[in-house]
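Numbering of the sequence shown is given in our numbering, commencing with residue 646 and proceeding in unit increments.
From the three backbone atoms N, C-alpha and C, an ideal C-beta is built for every residue, glycine too.
Right, one structure below, let's go through it.
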Amino acid sequence: MRNRLELTDLIRLITQKTSTVTPILYGTVVVLFLNLNVVRSPILGVPTSILFMLISSIMIGQALFRNETPFMKLMLGNLIVIVTLGITGWIAMILHNLDNTSTLIVFLVTASIAAILNKRMNSSNGTE
Numbered sequence: 646m647r648n649r650l651e652l653t654d655l656i657r658l659i660t661q662k663t664s665t666v667t668p669i670l671y672g673t674v675v676v677l678f679l680n681l682n683v684v685r686s687p688i689l690g691v692p693t694s695i696l697f698m699l700i701s702s703i704m705i706g707q708a709l710f711r712n713e714t715p716f717m718k719l720m721l722g723n724l725i726v727i728v729t730l731g732i733t734g735w736i737a738m739i740l741h742n743l744d745n746t747s748t749l750i751v752f753l754v755t756a757s758i759a760a761i762l763n764k765r766m767n768s769s770n771g772t773e
């Protein structure tokens, strides 16, 4: 009996169950926003940030790098998520100021890009 969750199983779960994973991704954004404004606890913020990065990285990596190994999909997806967060954060800082509300917008833009790419990949493969 198999008790381990491997990276390929996690990738398959996240990319094929879009209708359940996308609300979890947006839920992590809400928890991060509430943590920035109300709770201010690293015990809540660190695991939520890791979950946000993991889900976003897998979604983007699977959508953009289909022919790579699962580890490379995760790493390249992680790189794209970091770059997306950086660019949208820079744009938010140039336009106004990088405060808590702008940080929420940056997280929402990144989550939306990941969800849209994953949805397009699933609809083109017919796995939705």
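Unbroken alpha helix (DSSP H) runs of no fewer than 4 residues, entirely contained in the segment 702-751, are found at 715-740, following chain order. Counting only residues of its own chain and dropping the five nearest sequence neighbours on each side, alanine 759 has a CB closer than 6 Å to the CB of Ser701, Met704 and Ile705. Between threonine 755 and leucine 681, the C-beta spacing is not below 9 Å. Take the alpha-carbon of leucine 753 and the one of threonine 729: they are about 11 Å apart.
One alpha carbon belongs to leucine 679, the other to leucine 724, and they sit about 26 Å apart.
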